[in-house]
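Chemist:
Numbering (our numbering), first residue to last: 141 to 458.
(1) Work out the CA separation of residue 255 and residue 449 for me, nearest whole Å.
(2) Less than 7 Å between the beta carbons of residue 322 and residue 454, yes or no?
(3) So, with DSSP's three-state summary, where would you put residue 206?
(4) Taking three-plus beta-carbon pairs below 8 Å as touching, is the stretch 341-351 in contact with the stretch 190-198?
(5) Grouping DSSP H, G and I as helix and E and B as strand, with all else coil, what is residue 431?
(6) Could you tell me the distance, in whole angstroms, from the CA atom of residue 275 to the CA atom of residue 303?
(7) Taking DSSP's pairing of strands, which residues face residue 446 in a bridge?
(8) Count the other C-beta atoms from every protein chain shown that fall within 10 angstroms of the C-beta of residue 271, then say buried if there are 16 or more, exposed otherwise.
(9) Whose CA, out of 363, 279 and 355, lies closest to the CA of residue 319?
(10) Decide yes or no for the touch test of the stretch 297-316 against the stretch 414-428: beta carbon pairs closer than 8 Å, at least 3 of them.
(11) If you draw a straight line from the alpha carbon of residue 406 to that of residue 280, how long is it in whole angstroms?
(12) Please specify which runs of the alpha helix (DSSP H), each continuous and at least 4 residues long, are wholly inside the stretch 275-339, giving them in chain order.
(13) Can you tell me which of 311, 268 and 262 puts its alpha carbon nearest to the alpha carbon of residue 291?
(14) Looking at the structure shown, is residue 248 part of a helix, part of a strand, or coil, going by DSSP?
(15) Taking the CB atoms as reference points, tell me whether residue 248 and residue 433 lie closer together than 7 Å.
(16) Report the option in 408, 388 and 251 whose CA atom is closest to the CA atom of residue 440.
(17) For residue 388, I'd like the list of residues in its chain whose CB is within less than 6 Å of its CB, leaving aside the five on either flank, ordered along the chain.
(18) Pop quiz: residue 216 and residue 381 are said to be a contact at Cβ under 8 Å. What is the actual Cβ separation, rounded to whole angstroms?
(19) With which residues is residue 386 paired in a DSSP beta bridge?
(20) Just how far apart, CA to CA, sit residue 194 and residue 437?
(21) In the DSSP output, what is residue 347 paired with across the bridge?
(22) Taking 7 Å as the threshold (C-beta atoms), are residue 358 and residue 293 in contact?
(23) Checking the sheet assignment: what are the DSSP bridge partners for residue 212?
(24) Grouping DSSP H, G and I as helix and E and B as strand, with all else coil, what is residue 371?
(25) Need the endpoints of the beta strand (DSSP E) that residue 424 sits in, please.
(26) Count the other C-beta atoms from every protein chain shown that fall within 10 angstroms of the C-beta of residue 442, then say buried if there are 16 or more, exposed otherwise.
(27) For residue 296 and residue 310, what's the separation of their Cα atoms in angstroms?
(28) Given a cut-off of 7 Å on the beta-carbon distance, is the pair residue 328 and residue 425 in contact?
(29) How far does the alpha helix (DSSP H) with residue 360 in it extend, from its first residue to its last?
(30) Using a Cβ-Cβ cut-off of 8 Å (strictly less than) and excluding sequence neighbours within five positions of residue 213, which residues of its own chain qualify?
(31) Just the Cα atoms here: how many angstroms apart are residue 435 and residue 245?
(32) How far does the alpha helix (DSSP H) with residue 405 in it reach, from first residue to last?
(33) Quick check: the Cα distance between residue 326 and residue 288, rounded to an integer number of angstroms?
(34) Let me check understanding here. Comparing Cα to Cα, which of 350, 299, 204 and 429 lies closest to residue 316?
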């Protein structure tokens with residue numbers, strides 16, 4: 141009787157120990173798997189939350205551009221230079237208060253690669269720009285053609301460093317650009333801010349949400365256009381488009397309204413703020429790259445003579 145009791149007690153104890161061991165092992169295994177899962181997720185989470193260096197670089201550029209008017213004043217009221225080292229008198233004339241572009245032949249033609257913003261997105265912006273600025277500038281303003289809103293990417297030849305090319309060489313360039321454009325993914329972009337520069341250019345400054353970054357686009361274009369000028373016109377990160385150019389001082393929209401222009405810079409800021417309040421955060425999609433031969437200087441900006449080859453961004457693998 142006593143032996144049976146001892147055996148029964150031992151057996152019960154053994155089962156209890158085994159059960160405790162199994163529970164402990166199960167808990168350990170579960171915690172171990174959770175730890176592995178968390179460790180595998182942490183790097184990607186950290187990466188997605190970390191600032192994009194290209195976005196940061198663009199923000200710094202736009203901050204600097206936003207300070208330009210305050211730091212240098214409204215130089216365009218004194219007929220200063222444009223951002224491309226051209227004087228305003230080189231590209232515009234004022235006749236009886238009307239702005240007329242000065243179309244000068246580009247010899248050799250400028251060969252520009254630009255991203256195109258379709259009218260689906262450009263027209264609403266263009267209408268707002270006109271509604272806000274036209275009452276105060278009337279004829280002393282040049283509005284960018286809304287069917288030609290574009291983002292300058294890379295020049296195979298520009299007016300500062302001309303690179304002549306034969307017809308065959310131009311065709312070869314265009315073919316190379318078409319091939320590389322097929323590897324770019326459409327850009328989903330957002331309007332970060334609108335700024336007015338000291339040279340009178342009203343610019344939309346954009347950030348990239350998804351798609352091929354402008355830095356990558358410019359690098360690949362440079363690779364397929366080896367004879368292009370080493371010095372390009374814009375920073376490799378920038379994504380901006382011109383909306384309008386101011387050419388004279390503001391005026392009261394009606395004889396009964398008194399316009400306080402003792403501080404023109406502050407007044408300009410107020411107009412820009414109105415535009416920002418409407419369109420900051422505006423999203424768009426860019427899906428075309430254009431290879432443009434500009435037969436007139438700044439033909440894209442001034443509605444001059446040009447030949448446009450349009451290439452879809454294909455997002456294909458190389």
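C-beta: ideal position from N, C-alpha, C; glycine also.
Modeler: Taking the coordinates as given:
(1) 12 Å
(2) yes
(3) helix
(4) yes
(5) strand
(6) 42 Å
(7) 434
(8) exposed
(9) 363
(10) no
(11) 19 Å
(12) 307-321
(13) 262
(14) strand
(15) no
(16) 251
(17) 280
(18) Residue 216 to residue 381, Cβ: 18 Å. No contact.
(19) 281
(20) 31 Å
(21) 330
(22) yes
(23) Answer by DSSP bridge pairing: none, since residue 212 is not bridged.
(24) coil
(25) 423-426
(26) buried
(27) 9 Å
(28) yes
(29) 354-364
(30) 338 and 405
(31) 6 Å
(32) 404-419
(33) 18 Å
(34) 429
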